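Student:
Protein chains in written order, with UniProt numbering: chain A, 1 to 328; chain B, 1 to 331; chain C, 1 to 294.
(1) For residue 132 of chain A, which residues in the same chain have their Cβ closer than 7 Å to its Cβ, ignoring the five residues on either side in sequence?
(2) According to DSSP, which residues form a beta bridge with residue 321 of chain A?
(3) Enumerate in chain order the residues of its own chain whose CB-to-CB distance from residue 8 of chain C is below 7 Å, with the five nearest sequence positions on each side excluded.
(4) Leaving out five residues on either side along the sequence, give the residues of the same chain with a beta carbon under 7 Å from the beta carbon of residue 191 of chain A.
(5) In chain order, what residues of the same chain have a beta carbon less than 6 Å from the beta carbon of residue 332 of chain B, not counting five sequence neighbours either side?
(6) Let me confirm a value: residue 156 of chain B is counted as buried when at least 16 other C-beta atoms fall within 10 Å, else exposed. Which label applies?
(7) Provide the residue span of the alpha helix (DSSP H) that contains residue 252 of chain B, from first to last.
(8) Where residue 191 of chain B and residue 238 of chain B are concerned, what is the direct C-alpha to C-alpha distance, given to the nearest angstrom?
(9) Do we get a CB-CB distance below 8 Å when we pair residue 98 of chain A with the residues of chain C?
(10) Give every residue of the same chain whose Cβ lies closer than 7 Å to the Cβ of residue 303 of chain A, excluding the five residues on either side of it in the sequence, and list them in chain order.
(11) Suppose you measure from the CA of residue 217 of chain A to the CA of residue 203 of chain B; what does that come to, to the nearest Å?
(12) Can you say whether residue 66 of chain B is buried or exposed, counting buried as having 16 or more other CB atoms within 10 angstroms of its CB?
(13) May I have the straight-line CA-CA distance separating residue 278 of chain A from residue 265 of chain B, to the nearest angstrom?
(14) Between which residues of its own chain and residue 152 of chain A is the CB-CB distance below 7 Å, once the five residues before and five after are set aside?
(15) Using DSSP with H/G/I as helix, E/B as strand and the rest coil, what is residue 167 of chain B?
(16) To the nearest angstrom, how far is it from the Cα of residue 271 of chain C to the Cα of residue 264 of chain C?
(17) Between residue 196 of chain A and chain B, is the shortest Cβ-Cβ distance under 8 Å, so that the two count as touching?
(18) Would you call the CB atoms of residue 242 of chain A and residue 258 of chain A closer than 8 Å?
(19) Just mark residue 148 of chain C as buried or exposed, buried being the case when its beta carbon has 16 or more other beta carbons within 10 Å.
(20) At a CB-CB cut-off below 7 Å, which residues of chain B make contact with residue 227 of chain A?
(21) Let me check understanding here. Comparing Cα to Cα, which of B:145, B:144, B:116 lies closest to residue 131 of chain B?
(22) What are the residues in the region 241-268 of chain A lying within 8 Å of chain B by C-beta distance?
(23) Can you find at least 3 beta carbon pairs, one from the region 246-258 of chain B and one from the region 269-286 of chain B, that sit closer than 8 Å?
(24) Rounded to whole angstroms, what's the CA-CA distance from residue 21 of chain C to residue 19 of chain B? Just pull it up for me.
(25) Closest to residue 58 of chain C by C-alpha separation, out of C:71, C:46, C:29, C:47, would be which residue?
(26) Quick one: what does DSSP say residue 98 of chain A is sitting in, helix, strand or coil?
(27) Considering only C-alpha positions, which residue in the set A:37, A:27, A:8 is nearest to residue 231 of chain A?
(28) Using a Cβ cut-off of 8 Å (strictly closer), state whether residue 1 of chain A contacts chain B.
(29) If you drop the 5 nearest sequence neighbours on each side, which residues of the same chain put their C-beta closer than 8 Å to that of residue 174 of chain B?
(30) By the 10 Å Cβ neighbour count, where 16 or more other Cβ atoms means buried, how is residue 255 of chain A classified, buried or exposed?
(31) Given this structure, state the Cα-to-Cα distance separating residue 9 of chain A from residue 274 of chain A, to the nearest angstrom.
(32) Does any residue of chain A bring its CB to less than 8 Å from the CB of residue 288 of chain B?
(33) Pair every Cβ in the region 271-290 of chain C with every Cβ in the region 29-40 of chain C, then say whether three or more of these pairs are closer than 8 Å.
(34) Quick one: any contact between the region 71-91 of chain C and the region 214-222 of chain C, if contact means 3 or more CB pairs under 8 Å?
(35) Taking just the CA atoms, how far does residue 244 of chain C sit from residue 273 of chain C?
(36) By how many angstroms is the C-alpha of residue 40 of chain B removed from the C-alpha of residue 283 of chain B?
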């Protein structure tokens, strides 16, 4: 457990389901349900899953952008929150800590304030944290723009003057402006065109290397995650079903859901013949997840125990951590 | 030429905007064979969706105009038909499914009502028969509990189910041609696999042709027989799916293939196409891809190359590729 | 390095404000309204240069004169020139509209942002206050207040301002609620900005479009209220003229039947002004609404 930059323990985030005139709480949407993992310094950790599995919520809860329901997050030895022990970092300290942990968003159109110019967008954080004075901030902003593949002369332009890919570069420049140690990328390339995706991906690669960043990469694109990440966690309905290194997970998927997910990825060449495991039906609603193993309603190998007991996340043959009764 | 169901010739579609005229589809020609799948690949703004709307004559008026070309379907030029005749073809002989099934379905009517609407209009079925046929259709697209789903509203269904309903509506009149505009883009991979599987089965069962529009090369490699690659309103390459994937000739196609991380091992360097698509108001004079191309020659800057056959059944719009062929011939 | 954008051009977009201006210009009625308003404002400001009479200059020898060369719109019961008083009245009416709107915009925007941004308890409390204010029968309250505070131009401004902030508060609240869900607000939070900084640096500028449109329409409301209150004798006090208290001439049956020049011009001006402002307001709404962008 040496040199973990981030440790997440038993993280939970429930959204209340409100009903009726009086907004009575009738249940919970368990967006994130008891997940634990840690990210080593300099590692790229991938979080994959289908829409609604809680991967974005996980990212935001870790950054304390939304209040957690349970669990704890420790960043560089400093506890950000620990719900069970009733501890939460003070607002002032949290604000200081924000320098070190940043986020890149999916939608390059919603993530930049349309009324601010590029220079203000990127330098806002530097000025807020008083890292630079005004003049130095402008120079640093220009430097950041160049670093992210834009020309420095763009500094006075407004977001709507840029294409989606360029806006994403601005968003990335903003996130690295404070010299963070850790960045959450919430589907940073999902909204972009194919040829632009690869541009942004290699920009991220370059920055991670040059700036020595630790990265939590949230994505639904398995090909990208396989290529980009060191560690990968597969999420289903708010829980991890399998965690392993990129090679282990893709070469030897163990959990039936991971297997199905990987087999569903379209072949990359027409000559490639894929053996497909077609899952039945849809993902159940997170407001009313199945008892026991959450995947049992779609799993081809369901046993009796699966409907009763939640499987634990355990190492299988010293490799991937898997949460499945078939292997326990 | 009997096995060609749809033939698009020199199609030009323009849009008037407040900043000037935009040529969204520029001199596009292709054929769709009976029982085959034609894939149209390209990035946003390349004109692939406008091409499909032009075939359906659904280009938004009055700003969009089909200013040139022919669309021959069943020996008829669709562009010459009046509104009444085109309506009898639309949804009947040619039907369409969209990317976002939620917006394509009307939220205030039941699934059954929306399917039967098209059925009654085009087939003249009535009463109980319509309902029977609807349930049959829902079963064809493998919707579980079809008898119940028929009385449900679109919002009660998941994304994958809605897309199935859309497909059921589209095939309700046994169309000869189905246009699928990014039908799986909004869906998750496991659901996408289900829908693609369903569509493959339907091609075999119903003997229809499909125009499959997508930006996802993986999906194209699975679905298509013939592939057309579009860039900035023009076709840049056209060939069978094997040839496109194994031996792409245009540098744009090559770039797209290489920028996919699916073929790379971890640690390999990602190739990318630099820059971005040119603004429709400020098109380069020569080849539209020239500003982003690493292999361009002087000629590329000044003159737009034609779409020429470089190998049998493999057309490409690139001076460099043309030159190579020329060299080979001289030798 | 191939991560650098090779041609590095930005898109050739026209600036947003120019797009809005173009859209505004295409709306003929809005342009007409703007021109009319500009004329009205200029004549009100430069009234002393345009007319040769003094505002309160009485001439008891020339009361109730019909329009003539010397008095374009005749004279009133004290022999004052109606046209002159109309121009000076414009000053009062327009400034009442402007100032009362400023008051209601300030109250409405501040409360609207707080309600929309913080939500929960703050939202419930503020929106209930709005509901209560909306239940007030405006004229009854205004008349009572005017009776207590005494009729004066300042009281009219304050009363209309304080009673008229509810609709803008609701609009701003709704707008803030949608803006705060956008990712740039989350990004600001992630940068460590405080709530106050987020509200005023990021959210407020993005609500300007709504504020401008509703403020414009609010001015019309202010002018109307002034006219109404002054007509009842509870607004602007004589001898200071306003369009409203000039309309009060119509309360005299003699004038109503035989001396049209005393009340028709002021009534017409109120009508034209309100209509123009509403045209401009509609034009602005269409021009500034990003959802209508093609």
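The C-beta atom is built at its ideal place from N, Cα and C for all residues, glycine as well.
Computed from a prediction, not measured in an experiment: that's the story for all the values here.
Tutor: In brief:
(1) 126, 140
(2) A:243, A:315
(3) Residue placement at residue 8 of chain C cannot be trusted, given a pLDDT of 46 that sits under 50; the coordinates are not used to answer.
(4) 106, 107, 108, 164
(5) Any answer about residue 332 of chain B is impossible in this case: the structure gives chain B only from 1 up to 331.
(6) exposed
(7) 251-258
(8) 29 Å
(9) yes
(10) 325
(11) 38 Å
(12) buried
(13) 26 Å
(14) 142, 145, 146
(15) helix
(16) 10 Å
(17) yes
(18) yes
(19) exposed
(20) 261, 264, 266
(21) B:116
(22) 246, 247, 260, 261, 263, 264, 265, 266, 267, 268
(23) yes
(24) 14 Å
(25) C:71
(26) helix
(27) A:37
(28) Unreliable positioning characterises residue 1 of chain A in this predicted model, as indicated by a pLDDT of 45, which lies under 50. A coordinate reading is not provided.
(29) 206, 208
(30) buried
(31) 37 Å
(32) no
(33) yes
(34) no
(35) 13 Å
(36) 22 Å
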